[in-house]
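To start, the structure itself, in structure tokens.
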Amino acid sequence: MINEISLADVRGLIGTETGLSDWLLVDQTMIDAFAHATDDHQFIHVDPERAAAESPFGGTIAHGFLTLSLLSTMNYNCLPKVREQTMGINYGFENVRFVAPVKSGARIRGHFILADARFRGAGMLMTTYDISIEVENEKKPALTAKWITIIQFDPKNRPENI
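Each number in our numbering corresponds to the 1-based position in the sequence shown with 1176 added.
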């Protein structure tokens, strides 16, 4: 994967997988910390014995919002840095779907396909990624979505050709 690109290179990457993150372990310690941070202590997340006995998952699973939030670390791990960028802004998501559970102890990784990039104002480039989170050794992804971000840059650095 490319480590760094210029603003002028971004549009040429539309339609390509611009990032594939490293595998990330989602263990019970991470799930418990997320439950504590969000005050979501539903047994399917934090009680391995009860989840094994009473849920269809065979044990605990990660919160869907934990899986979604891990996109930030996956992004930093694999997407190329834009040389002129001064700041990145999370604009939001569309069509978020939690397709399959992430079981405690599973490894996941993110796939990022640049779907669109367009200027928004003098010093902002809005990018849209089609993303999916793969669960190791599973056929279905854990999550699919469109992720919209904004790359902020000094307007003096805006390329003329885009």
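For each residue, glycine too, the CB sits at the ideal point set by N, CA and C.
* Asked: By Cβ distance below 7 Å, which residues in the same chain neighbour D1208 in space, the five residues on each side in sequence not counted?
  -> Cβ-Cβ distances below 7 Å link D1208 to V1222 in the same chain, with the five nearest sequence neighbours on each side left out; the list follows chain order.
* Which value, in whole angstroms, describes the spacing of the CA atoms of S1231 and G1286? -> Per the coordinates, the alpha-carbon of S1231 lies some 26 Å from the alpha-carbon of G1286.
* With a threshold of 16 other CB atoms inside 10 Å of the CB of M1250, please say whether the residue is buried or exposed. => Counting Cβ neighbours within 10 Å, M1250 comes out buried, since at least 16 surround it.
* Asked: Per DSSP, what kind of secondary structure is G1240 in: helix, strand or coil?
  -> helix
* To do: Sort out for me which residues DSSP pairs T1262 with in a bridge.
  => Note: T1262 sits in no beta bridge, so no partner.
* To do: Please report the residue range of the beta strand (DSSP E) in which V1311 lies.
  => Segment 1300-1311, the beta strand (DSSP E) holding V1311.
* To do: Determine the extent of the alpha helix (DSSP H) in which E1225 is found, giving its start and end residues.
  => 1224-1230
* Asked: Leaving out five residues before and five after W1323 in sequence, what residues of the same chain have Cβ atoms less than 6 Å from its Cβ?
  -> F1269, Y1305, I1307
* Apart from the five residues just before and just after S1280, which ones in its own chain have a Cβ nearer than 8 Å to its Cβ? -> V1202, D1203, Q1204, I1207, P1224, G1235, T1236, I1237, A1238
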